[in-house]
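Scroll down for the structure; my scribbles are underneath it.
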Amino acid sequence: MGLLVAAALVAVPLTASAQPKEQPKEINLDEPETPAEGTEPAEAPEAAPAEGEGDEAGLGDICKIDPSACPTIDLNKEAAKDLNNETYAVQQIYALRYHRFEVNPYFGLTMNDQFVGHNGPGLAINWYLTNVLAIGVNGNWYGGLNTPSDFNFQTSRAARIGEPITEYQWNANANFTYVPAYGKFAGFSDFIFHYDFYVLGGVGAISTRPMAVVDPDNRTFDWKPKLAFHVGGGIRIFFNRWFAAMAEVSDYIFFDELENPSVAQGRAQDKSTWLAEGKSFTNNVQAQVGFSVFLPFSWEYRLPK
Numbered sequence: 001m002g003l004l005v006a007a008a009l010v011a012v013p014l015t016a017s018a019q020p021k022e023q024p025k026e027i028n029l030d031e032p033e034t035p036a037e038g039t040e041p042a043e044a045p046e047a048a049p050a051e052g053e054g055d056e057a058g059l060g061d062i063c064k065i066d067p068s069a070c071p072t073i074d075l076n077k078e079a080a081k082d083l084n085n086e087t088y089a090v091q092q093i094y095a096l097r098y099h100r101f102e103v104n105p106y107f108g109l110t111m112n113d114q115f116v117g118h119n120g121p122g123l124a125i126n127w128y129l130t131n132v133l134a135i136g137v138n139g140n141w142y143g144g145l146n147t148p149s150d151f152n153f154q155t156s157r158a159a160r161i162g163e164p165i166t167e168y169q170w171n172a173n174a175n176f177t178y179v180p181a182y183g184k185f186a187g188f189s190d191f192i193f194h195y196d197f198y199v200l201g202g203v204g205a206i207s208t209r210p211m212a213v214v215d216p217d218n219r220t221f222d223w224k225p226k227l228a229f230h231v232g233g234g235i236r237i238f239f240n241r242w243f244a245a246m247a248e249v250s251d252y253i254f255f256d257e258l259e260n261p262s263v264a265q266g267r268a269q270d271k272s273t274w275l276a277e278g279k280s281f282t283n284n285v286q287a288q289v290g291f292s293v294f295l296p297f298s299w300e301y302r303l304p305k
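This is the structure in structure tokens:
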């Protein structure tokens with residue numbers, strides 16, 4: 001019995017050592033691996049779609065969900081286009097006008113009256129409700145500065161006819177101002193000027209009276225205010241954020257009274273005969289040059305968080 005147990009103990013390791021060791025498996029990457037017996041072969045990957053079919057395969061779900069969102073362009077052609085690498089930079093406005101006062105002294109020069117000049121100083125004050133819209137007032141003073149032109153003198157002497165002319169005393173208007181465009185340009189080598197264009201319109205009054213030309217020995221006229229309308233436009237060139245030079249063309253429109261070009265016989269002293277019948281539609285177009293000061297002088301930008 002003891003001999004049998006010993007023999008069995010000796011036989012076990014001999015049996016184990018007699019089994020051959022498993023050799024490492026060689027893998028050939030050039031050939032597909034043969035599946036082991038009893039296992040299903042792995043599914044081969046789907047072939048890449050042909051040109052033009054990829055868009056439909058990739059966008060099919062989008063087109064099914066929302067046909068209106070389905071692109072109608074050839075994505076392959078669009079992807080092949082060159083990119084536009086140009087970058088656009090939008091800078092902050094150089095001189096904000098929002099909630100600032102503009103004080104604008106200027107001098108006006110007559111542009112359309114060949115017989116008498118109505119030159120004089122003026123002042124405009126504007127309050128900007130937004131960055132482009134303002135309400136304000138302006139006024140002109142002409143008293144003592146009306147001057148008959150040399151052309152009027154030469155014409156009257158040559159034709160022996162006096163041309164009825166009027167003189168202005170003052171003008172005042174309430175206006176709306178709108179700034180449709182602004183920008184910048186380079187000047188004096190590398191110095192950058194900022195500018196803006198503006199248009200305006202309003203209503204007011206103007207005080208005028210005829211100048212006695214036909215019968216100055218007997219006729220004298222009184223000042224009378226008349227309803228006037230004001231339209232115009234101009235440009236401002238900024239030297240810093242609160243100071244700018246300005247040039248403007250304004251038209252003051254009203255109905256004026258003119259001197260009667262004839263003298264009623266025996267009624268030279270009758271004031272009712274001094275004025276011509278009806279009223280004359282008048283455009284007083286003048287060029288205004290001056291400067292603008294914006295108050296307060298500085299501000300802070302409030303950027304979105």
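The sequence shown runs 1 to 305 under my numbering. Where is the CB? At the ideal position from N, CA and C, for every residue including glycine.
The beta carbon of CYS63 is closer than 6 Å to those of CYS70 in its chain, skipping five residues each way along the sequence.
Assignment of beta-bridge partners to ARG241 by DSSP yields no partner. ASN131 is positioned such that its CB atom lies closer than 9 Å to that of VAL179. Counting only runs that start and end inside the stretch 74 to 125, the beta strand (DSSP E) elements of at least 3 residues fall at 101 to 110 and 116 to 118. Shown here for TRP223: same chain residues with a beta carbon closer than 8 Å to its own, the five before and five after excluded, namely GLN169, SER207, THR208 and ARG209 in chain order. Annotation: the continuous beta strand (DSSP E) that includes VAL199 extends over 191 to 211. DSSP links PHE254 through a beta bridge to ALA228 and THR282. Straight across, the Cα-Cα distance linking VAL289 with ALA79 is about 56 Å. The DSSP-derived three-state label of SER68 is helix. Taking a contact to require three or more Cβ pairs closer than 8 Å, the stretch 233 to 246 and the stretch 265 to 273 do not qualify as touching.
Comparing C-alpha distances from TYR128 to each of ARG302, PRO261, ALA181 and GLU102 shows the shortest one belongs to GLU102. The C-alpha of GLY187 is placed about 35 Å away from the C-alpha of GLY117.
Under the three-state reduction of DSSP output, SER272 falls in the helix class.
Annotated three-state conformation of PHE294 is strand, per DSSP. With a threshold of 16 other beta carbon atoms within 10 Å, ARG219 meets it and is buried.
Per the coordinates, the alpha-carbon of ARG236 lies some 11 Å from the alpha-carbon of ALA95.
Going by beta carbons, ASP217 and VAL231 fall outside the 9 Å limit. By alpha-carbon distance to PHE281, the top candidate from LYS226, ASN146, ASN175 and PRO148 is LYS226. Closest in C-alpha terms to VAL213, from the list PHE191, GLY143, MET111 and PRO164, comes PRO164. Looking at the backbone, the Cα of LYS279 and that of ILE93 are separated by about 47 Å.
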